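> Before I ask anything, let me first share the structure, which is written out below as structure tokens.
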Amino acid sequence: MFKVGYFQFHPCFGDLGTNLDIVLKALEPVDADLMVLPELPFTGYTFRDRKELASLAEDPSRSESVDALSRLCRRKGMYVVTGFAEKSGKRIYNSSLLIGPRGLLRTYRKIHLFNEEKRYFDPGDLPLEINTIRGVRVGMMICFDWVFPEVTRTLTLQGMELLCHPSNLVLNYCQKSMQTRCLENGIFAVTTNRFGLEKRPHASLRFTGGSQIVGPKGQVLGRAPAQRRRLQVLEIDPKESRNKSLTPRNHLLRDRRPEFYR
Ligand code: ACM
Numbered sequence: 001m002f003k004v005g006y007f008q009f010h011p012c013f014g015d016l017g018t019n020l021d022i023v024l025k026a027l028e029p030v031d032a033d034l035m036v037l038p039e040l041p042f043t044g045y046t047f048r049d050r051k052e053l054a055s056l057a058e059d060p061s062r063s064e065s066v067d068a069l070s071r072l073c074r075r076k077g078m079y080v081v082t083g084f085a086e087k088s089g090k091r092i093y094n095s096s097l098l099i100g101p102r103g104l105l106r107t108y109r110k111i112h113l114f115n116e117e118k119r120y121f122d123p124g125d126l127p128l129e130i131n132t133i134r135g136v137r138v139g140m141m142i143c144f145d146w147v148f149p150e151v152t153r154t155l156t157l158q159g160m161e162l163l164c165h166p167s168n169l170v171l172n173y174c175q176k177s178m179q180t181r182c183l184e185n186g187i188f189a190v191t192t193n194r195f196g197l198e199k200r201p202h203a204s205l206r207f208t209g210g211s212q213i214v215g216p217k218g219q220v221l222g223r224a225p226a227q228r229r230r231l232q233v234l235e236i237d238p239k240e241s242r243n244k245s246l247t248p249r250n251h252l253l254r255d256r257r258p259e260f261y262r
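First residue of the sequence shown? That's 1 in full-length UniProt numbering, and the numbers climb one at a time after it.
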């Protein structure tokens, strides 16, 4: 069995210290193998322009947030997946980091940028790959990547059992759609969203909350309210995702006909 959870909260735009404090205080008492945080939980989301983003983005190897989460993971023997505004030389990515007791294990850079993100982030340039944590094969994608079923399928074909999905959702389609992503791939998924209104002088966005943990039959195992802070941990059996048969004669992966998918 594997204990996995999410922490849904409302980050304060541009206040890395306060947001890190909120996350550390929330995760300190948690008993879990893996916790998933939202997309961009330390910086906030509604950047004015690339210059403002550049002033807030960090190199993970010199980030107080990454160092503090690594110490937390070491002390508690747990893993965290977190969104992260990642500076790498002149480039800036909307990233997701897998952090464990030994520090940063993997970086994923969002491949499919959403709307205004295209003005200030560089598109992801790393391959989709999975990591094995305590025997569980874990993959990552970020928010709008859900619209492209190829992402989940590519990771599933590598053996992914559990998808970690940090999000800052503003549309209402994702939560329902992730039930289909899980069913069609026979996987678990944790979508961690933020909530609240982010009011900036140039734009305001309301995020939809409703973080959720979904099972391999598309069943919602746990869901947060739309506009409240919520931390939830559930025990799942990741082996359930190894059964890819919908009927005795229908296998989700072996029955694919890639020769027709051109
Ligand atoms: C999104 O990709 N943040 C909607």
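Each residue gets a CB set at the ideal place from its N, CA and C atoms; glycine is no exception.
No experiment lies behind these values; they were computed from the predicted model shown.
Out of Leu163, Gly196, Leu171, Phe195, which one is the CA nearest neighbour of Arg181?
When each option's Cα is compared against that of Arg181, the closest is Leu163.
> Of the residues Ile133, Glu129, Tyr108, which one's Cα is nearest the Cα of Asp122?
The candidate whose alpha carbon is nearest that of Asp122 is Tyr108.
> In terms of residues, what are the limits of the beta strand (DSSP E) holding Ala189?
Unbroken beta strand (DSSP E) run through Ala189: 188-192.
> Looking at the structure shown, is Ala85 part of a helix, part of a strand, or coil, going by DSSP?
Of the three classes helix, strand and coil, the one that applies to Ala85 here is strand, per DSSP.
> Using a Cβ-Cβ cutoff of less than 6 Å, which residues in the same chain neighbour Leu205 once the five nearest sequence positions on both sides are dropped?
These residues qualify, in order along the chain: Thr46, Val170, Glu198.
> Give me the Cβ distance between Asn168 and Arg194, rounded to the nearest whole Å; I'm assuming they're in contact under 8 Å.
With 8 Å as the limit, Asn168 and Arg194 qualify as a contact, their Cβ atoms being about 5 Å apart.
> Give me the Cα-Cα distance between Gln8 and Val190, rounded to the nearest whole angstrom.
One C-alpha to the other measures close to 11 Å.
> Would you say Val80 touches ligand 1, meaning its beta carbon is less than 7 Å from a heavy atom?
Not under cutoff, so the answer is no.
> For ligand 1, is there any heavy atom lying closer than 7 Å to the beta carbon of Leu37?
No; taking the cut-off as 7 Å, the Cβ of Leu37 has no heavy atom of ligand 1 nearer than that.
> Could you tell me if the beta carbon of Cys143 falls within a distance shorter than 7 Å of some heavy atom in ligand 1?
The answer is yes for Cys143.
> Going by alpha carbons, who is nearest to Leu34 out of Lys76, Pro60, Ala85, Ile187?
Minimum Cα distance to Leu34 is reached at Lys76.
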